[in-house]
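Peer 1: Have a look at this one before I ask anything.
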């Protein structure tokens with residue numbers, strides 16, 4: 016039986032089944048069928064070729080670890096000269112990924128707030144290596160090159176075990192509530208040198 020339940024990050028989906036197994040919350044869901052444009056020839060189509068069920072790790076729901084079973088629809092282009100097969104668009108999971116967008120965003124927030132890799136891994140039911148990869152992604156995609164710091168900054172240490180150092184230092188903007196930079200260690204000399212280069216406004 017379909018459910019009209021709305022959950023963060025899953026608002027566009029129809030929940031077809033929900034259950035609790037071994038302490039984990041499981042949701043079976045799918046999107047409504049709708050016209051899609053072929054990525055090759057751009058012709059619109061509603062013709063379904065087949066389905067695939069994808070298992071996805073999601074953030075906790077109702078205080079329980081949550082796994083999603085997404086019945087993903089694959090369309091086929093009706094243009095006889097094309098016949099391209101392609102999966103439907105969705106906002107829940109990126110291509111070739113096994114964790115939902117919401118899961119990764121929640122993990123990123125934990126990392127930005129200075130939680131160490133082991134604690135975050137335990138909380139999200141994954142490995143420290145996976146968390147470290149997420150940290151590297153955040154570092155490269157969220158942090159732009161800092162030329163000059165704002166007048167007010169926040170400095171905190173981070174237990175990350177990166178580059179042979181047990182702790183790193185996070186420089187953040189407490190007003191805009193966003194990270195600015197990550198230093199290789201927490202040594203005073205490193206912080207002083209960084210402030211000499213970028214801290215004229217501090």
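Numbering (my numbering), first residue to last: 16 to 217. Every residue, glycine too, gets a C-beta built ideally from N, C-alpha and C. Just so we're clear, the structure is a prediction, and the values are computed from it rather than from any experiment.
(1) For residue 211 and residue 191, what's the separation of their Cα atoms in angstroms?
(2) Quick one: grab the DSSP three-state call for residue 142.
(3) Please confirm if the stretch 51–62 is in contact with the stretch 135–150, defined as three or more CB-CB distances below 8 Å between the two stretches.
(4) What did DSSP end up calling residue 148 once you bin it into helix, strand or coil?
(5) According to DSSP, residue 209 sits in a beta bridge with which residue or residues?
(6) Helix or strand or just coil, what does DSSP make of residue 203?
(7) Sorted by chain position, which residues of the same chain lie with C-beta nearer than 8 Å to residue 206's C-beta, five sequence neighbours on each side aside?
(8) Check whether the stretch 35–49 and the stretch 116–123 touch, using three or more Cβ-Cβ pairs below 8 Å as the test.
(9) For residue 79, which residues of its own chain have a beta-carbon under 8 Å away from its beta-carbon, when the five flanking residues on both sides are left out?
(10) To the nearest angstrom, how far is the alpha carbon of residue 132 from that of residue 112?
(11) How would you call residue 90, buried or exposed, if buried means at least 16 neighbouring beta carbons within 10 angstroms?
(12) Beta-carbon separation of residue 73 and residue 114 under 9 Å?
(13) Any idea if residue 60 is buried or exposed, counting beta-carbon neighbours within 10 angstroms, 16 or more meaning buried?
(14) Should residue 189 go down as buried or exposed, given a rule of 16 or more other Cβ atoms within 10 Å for buried?
(15) State the Cα-Cα distance for the pair residue 264 and residue 124, rounded to the nearest angstrom.
(16) Can you check whether the CB of residue 49 is closer than 9 Å to the CB of residue 85?
(17) Can you give the Cα-Cα distance for residue 172 and residue 140, rounded to whole angstroms?
(18) List the whole-angstrom C-beta distance separating residue 30 from residue 71, where the pair is believed to meet the contact cut-off of C-beta under 8 Å.
(19) Rounded to a whole number of angstroms, what is the C-alpha to C-alpha distance between residue 167 and residue 202?
(20) To which residues of the same chain is residue 24 closer than 7 Å at the C-beta, ignoring the five residues directly before and after it?
Peer 2: Based on what the coordinates show:
(1) 22 Å
(2) coil
(3) no
(4) helix
(5) Looking at the DSSP assignment, residue 209 forms no beta bridge with any residue, so it has no partner.
(6) helix
(7) Listed in chain order, the non-local C-beta contacts of residue 206 below 8 Å within the same chain comprise 170, 184 and 198, local neighbours out to five positions each way being set aside.
(8) no
(9) 35, 38, 39 and 40
(10) 20 Å
(11) By the neighbour-count rule (16 or more Cβ atoms within 10 Å), residue 90 is buried.
(12) yes
(13) buried
(14) So residue 189 counts as exposed.
(15) One cannot answer for residue 264 here, as it falls past the ends of the chain, which runs 16 to 217.
(16) no
(17) 24 Å
(18) Contact flag wrong, Cβ pair sits at about 14 Å.
(19) 21 Å
(20) Excluding positions up to five away in sequence, the list reads 107, 115, 116 and 117.
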